[in-house]
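Residue numbers for the first sequence, in the working numbering: 45 to 173. Everything on this sheet refers to the single structure shown next.
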Amino acid sequence: MMVRKIADKPVTHEDADEARALRAQRIIEAVAAIPKGRVASYGAIAARAGYPGRARLIGRVLGDAPDRLSLPWHRVLRADGHIGIPEGSKSYREQCRRLRAEGVEVVNGRVAMSHFGLDHDLDRAIWGG
DNA sequence: CCGATGACTCTGC
DNA sequence: CGCAGAGCCATCG
45 MMVRKIADKP VTHEDADEAR ALRAQRIIEA VAAIPKGRVA SYGAIAARAG
95 YPGRARLIGR VLGDAPDRLS LPWHRVLRAD GHIGIPEGSK SYREQCRRLR
145 AEGVEVVNGR VAMSHFGLDH DLDRAIWGG
């Protein structure tokens with residue numbers, strides 16, 4: 045059989061690129077899965093993509109993701125509900141605009157995760173709403 | 001190899 | 001609410 049790697053650590057440039065592509069793929073899928081009108085934190089997406097504790101990775105991937113993928117990147121916020129882009133930037137305003145366009149309330153650059161976060165559905169199912 | 005950076009998060013004061 | 005500190009880790013110079 046072919047030579048087998050002992051560890052998962054990438055060895056060649058090809059392996060590294062492959063690993064990077066896989067990461068991006070899984071993250072992109074996780075982001076694409078956020079329902080319209082709901083939001084999720086970078087950390088939550090990281091966990092769902094299989095990379096718990098690596099929230100920063102999501103920001104990096106989203107920043108590189110080509111527009112043609114039409115990703116709902118605007119539904120990804122910081123854990124405290126704040127927009128994760130420098131305030132005043134072009135993208136910042138774009139994110140606010142897109143969120144409001146689908147019914148998500150943005151107040152002072154922040155969204156109430158308790159109301160628009162994914163957990164809201166679960167909470168409502170259990171506790172009623 | 002090192003240090004700085006950043007679309008992050010959590011804890012503690 | 002704010003700030004500091006400590007993890008986190010791919011990238012870059």
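Ideal placement from N, C-alpha and C gives every residue a C-beta, glycine not left out. Predicted model only: the values in this text are computed from it and were never measured.
- Residue ranges of uninterrupted alpha helix (DSSP H) with 4 or more members, entirely inside the region 113-165 and ordered along the chain, are 134-145, 157-160.
- If you draw a 10 Å sphere on the C-beta of residue 161, you find 16 or more other C-beta atoms in it, and that means buried.
- By the CB criterion at 8 Å, residue 98 and residue 109 fall outside the cutoff.
- Closest option to residue 95, judged by alpha-carbon separation, among 141, 68, 165, 159: 68.
- DSSP places residue 83 in the strand class (E or B) of the three-state scheme.
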